[in-house]
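Count along the sequence shown from 1, add 256, and you get the number used in this note's numbering. This report refers to the structure that appears directly beneath it.
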Amino acid sequence: MSICPPNTHALDEIISRPCEEVVNTVQAVQGDVAVLGAGGKMGFHLCLTLQRAMEQATTRGKVIAVSRFGNSQVRQRFVDAGIKTICADLSNADAVSGLPDFENVFFLAGVKFGTDSNADLLDRMNVSMPRLIANRFRRAAIVALSSGCVYSFTTPESGGSDEKSETAPPGEYAQSCLGRESAFSDASDAFGLHSCLIRLNYSIDLRYGVLLDIAQKVRDRQPLDLTTGYVNIIWQGDAISHIIQALAHCTSPPAVFNITGPATLRVRDLAQMFASHWGLEPVFESTESETAWLSNAARSHQLFGAPKISVNQMIQWTAEWLDAGGEVLNRPTKFQVRDGRY
257 MSICPPNTHA
267 LDEIISRPCE
277 EVVNTVQAVQ
287 GDVAVLGAGG
297 KMGFHLCLTL
307 QRAMEQATTR
317 GKVIAVSRFG
327 NSQVRQRFVD
337 AGIKTICADL
347 SNADAVSGLP
357 DFENVFFLAG
367 VKFGTDSNAD
377 LLDRMNVSMP
387 RLIANRFRRA
397 AIVALSSGCV
407 YSFTTPESGG
417 SDEKSETAPP
427 GEYAQSCLGR
437 ESAFSDASDA
447 FGLHSCLIRL
457 NYSIDLRYGV
467 LLDIAQKVRD
477 RQPLDLTTGY
487 VNIIWQGDAI
497 SHIIQALAHC
507 TSPPAVFNIT
517 GPATLRVRDL
527 AQMFASHWGL
537 EPVFESTESE
547 TAWLSNAARS
557 HQLFGAPKIS
567 VNQMIQWTAE
577 WLDAGGEVLN
587 RPTKFQVRDG
597 RY
C-alpha cells in the first residue's frame, strides 16, 4: 500500500490529481466551467481537479468557483491555487441573474445538517435555489449533485438500488433532494436543458467521512451505533473523477448516475479493521437493521472506470492520518440516521 499523505497539502494534491479519462473529458469541453456552491466540502477539490486537467489538456477555458464564501479563509484556498472566484448568494434571484453566462456548470450547493426543524430553509436551498440555477443556465450543460438517500431502503443482499429503483425515502431532507432533482427535470421539459443528476454516497476525504466517523469512535473507545449496519463509500478523488466525466453525458431528460464504490460494506467489519490497527476491542451499541441506503454503481463504473483507491487503502490512510494528528473538520456524516432527520 502507498504511504498516507503526510499533510493537508499532500492530501489535496492526491485527491485532485486528474486521471487520463478526466483530461480527455476536459479536452472536449468548450468554454469556461463554473462550480456553483464551490465553498462546500467537495468544491475545492473539484475545482482543482478541473484546473489541473485543463492545464494538461491545454484548453483555453477557465474554472470559476462561485459561492457565498462567508469564510475568507475558504476563499483564500481558491485564490492561492489560481482559481477565479465569484462571491454570490445562489439562493438570491438577483445574484443568480447577475452571474456571467457559463456553458458548463457543476451544481454542488444545498443544505443538510441542522434542517430537522427548518422546512423553509430546506425548501429555499434544496428546491427553490436549484430552480433558479436550472432556469438561469438553461443553455448550459449542468452536472447536479444529488444524494443516494433519494432511494428507498434496501437489503445488503440486493446489491443496492440502481438508477431505476424506487425513490420513496423517509424524511424531509431526502424529499428535498428529490425536489432538487425535479428542478432539473422540469427545466428539461420546459427548455430542453441538458443535465446529469449525481446520486452520491459516501465520499471519503481523510478529514471527514464515514470512515473517519467510525475510526474516531473505535480509537476513543466510544460506542458505535450499528443501527445502520451497511454502507457504500468511495474515495473523494474517484468520486470527483466520475462526476467530471459525467459532464459528457448530460442529456434531456437528465441522465442519472449512482456514484459510489463497488462494495456493500458492513459497519461492524470496518470497525474491527480499525480496532486491529490500534489493538483495541470496538464498543458497539444497538443491532443492525435489515436494510440501509445502499446504491449499485455498476453503470457509472462501466462508463467511467472502477474506483482506483481501495477500501483497504482508505482504512489504512484514515488510521494513519489520525495517528499523525492530521486535520479533521469535525463534521460527522450522521450516517446512522434512518428517519431522515438531520
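Glycine included, every Cβ here is placed at the ideal spot set by N, Cα and C. Computed from a predicted model, the values in this text were never measured in an experiment.
>> Is the beta carbon of TYR458 closer than 8 Å to that of PHE560?
In response: Going by C-beta atoms, PHE560 is not nearer than 8 Å to TYR458.
> How far does the beta strand (DSSP E) with SER451 in it reach, from first residue to last?
Replying inline: Looking at the DSSP string, the run of the beta strand (DSSP E) that includes SER451 is 450-456.
> For ARG587, does the three-state DSSP call read helix, strand or coil?
Replying inline: If DSSP states are grouped into helix, strand and coil, ARG587 belongs with coil.
>> For PRO412, which residues in the same chain have their Cβ closer than 6 Å to its Cβ, ignoring the five residues on either side in sequence?
In response: Taking C-beta separations shorter than 6 Å and ignoring five residues to either side along the sequence, the partners of PRO412 in its chain run TYR486 and THR520, following chain order.
> Between which two residues does the alpha helix (DSSP H) harbouring LEU378 extend?
Replying inline: Segment 375-379, the alpha helix (DSSP H) holding LEU378.
> Smallest Cα separation from SER353: which of LEU388, ALA337, SER566 and PHE325?
Replying inline: Minimum Cα distance to SER353 is reached at LEU388.
> Does the beta-carbon of THR543 have 16 or more other beta-carbons within 10 angstroms, so that it is buried, or is it exposed?
Replying inline: Under this definition THR543 is an exposed residue.
>> Using the three-state DSSP reduction, which class does TYR598 fall into: helix, strand or coil?
In response: Only weak support exists for where TYR598 lies, its pLDDT of 49 falling under 50; the coordinates are left without a value.
>> Could you compute how far the alpha carbon of PHE300 sits from the alpha carbon of GLY465?
In response: So the alpha carbons of these two residues sit roughly 16 Å apart.
>> Suppose contacts are defined by Cβ-Cβ distances below 8 Å. Is LEU302 in contact with ILE496 by that definition?
In response: Using a Cβ distance threshold of 8 Å, LEU302 and ILE496 count as a contacting pair.
> What are the uninterrupted segments assigned as alpha helix (DSSP H) that are 4 or more residues long and contained completely in the stretch 277-328, given in chain order?
Replying inline: You should have 299-313.
>> Measuring only the C-alpha atoms, how far is LEU364 from MET310?
In response: Cα-Cα distance, rounded: 20 Å.
>> Residues in the same chain with beta-carbon distance under 7 Å from ASN586, minus the five sequence neighbours each way, listed in chain order, please.
In response: Correct list: empty, nothing qualifies.
> Tell me the DSSP bridge mates of PRO464?
Replying inline: The displayed chain sequence assigns Tyr, not Pro, to residue 464. TYR464 pairs with ASP461.
>> So, at 7 Å on beta carbons, what are the nonlocal neighbours of CYS433 in its own chain, with the 5 sequence-adjacent residues on each side left out?
In response: Same-chain partners within the cutoff: ASN382, SER402, SER403, CYS405 and VAL406.
> With burial defined as no fewer than 16 other Cβ atoms inside 10 Å of the residue's Cβ, what is the status of LYS420: buried or exposed?
Replying inline: So LYS420 counts as exposed.
>> My output table needs one value for TYR429: the three-state DSSP class, helix, strand or coil.
In response: Helix, per DSSP.
> To the nearest angstrom, how far is it from the Cα of ASP357 to the Cα of LYS318?
Replying inline: For ASP357 and LYS318, the distance between alpha carbons rounds to 13 Å.
> Hey, CYS343 and VAL399: beta-carbon distance below 8 Å or not?
Replying inline: Taking 8 Å as the cut-off, the Cβ atoms of CYS343 and VAL399 do not count as close.
>> I believe GLY435 touches SER508 by the beta-carbon criterion, under 8 Å. Please report the beta-carbon distance rounded to the nearest angstrom.
In response: About 19 Å; that fails the 8 Å criterion.
> Around the C-beta of VAL567, are 16 or more other C-beta atoms found within 10 angstroms, so that it is buried, or is it exposed?
Replying inline: If you draw a 10 Å sphere on the C-beta of VAL567, you find 16 or more other C-beta atoms in it, and that means buried.
>> List, from N- to C-terminal side, the beta strand (DSSP E) runs of 3 residues or more that fit wholly inside the stretch 507-562.
In response: Every unbroken stretch of the beta strand (DSSP E) spanning 3 or more residues and falling wholly within the stretch 507-562 is given here in chain order: 511-515.
> Relative to the C-alpha of ALA351, which residue among SER408, ARG380 and ARG324 is closest?
Replying inline: Residue ARG324 holds the alpha-carbon nearest to the alpha-carbon of ALA351 among SER408, ARG380 and ARG324.
> How long is the line joining the alpha carbons of GLU359 and ALA396, rounded to whole angstroms?
Replying inline: Rounded to whole angstroms, GLU359 to ALA396 spans 4 Å at the Cα level.
> Assuming ALA390 contacts PHE334 under a Cβ cut-off of 8 Å, what Cβ separation, rounded to an integer in Å, is found between them?
Replying inline: Not confirmed; about 25 Å, so no contact.
> For VAL593, which of helix, strand or coil comes out of DSSP?
Replying inline: Correct three-state label for VAL593: coil.
>> Between the alpha carbons of ALA424 and SER408, how many angstroms are there, rounded?
In response: Between ALA424 and SER408, the C-alpha separation is close to 5 Å.
>> For ALA446 and SER258, what's the separation of their Cα atoms in angstroms?
In response: If I take the Cα positions, the gap works out to 49 Å.
>> Taking the beta strand (DSSP E) that ASN360 belongs to, which residues open and close that run?
In response: It spans 360-363 - the beta strand (DSSP E) in which ASN360 sits, taken as one unbroken run.
> How about PRO518 and ALA471: do their beta carbons lie closer than 8 Å?
Replying inline: A distance of 8 Å or more separates the beta carbons of PRO518 and ALA471.
> Straight-line CA distance for SER417 to LEU578?
Replying inline: Each residue's CA atom was taken as its position, placing SER417 and LEU578 some 33 Å apart.
> Distance, Cα to Cα, THR589 vs ASN488?
Replying inline: Taking the straight line from one Cα to the other gives about 13 Å.
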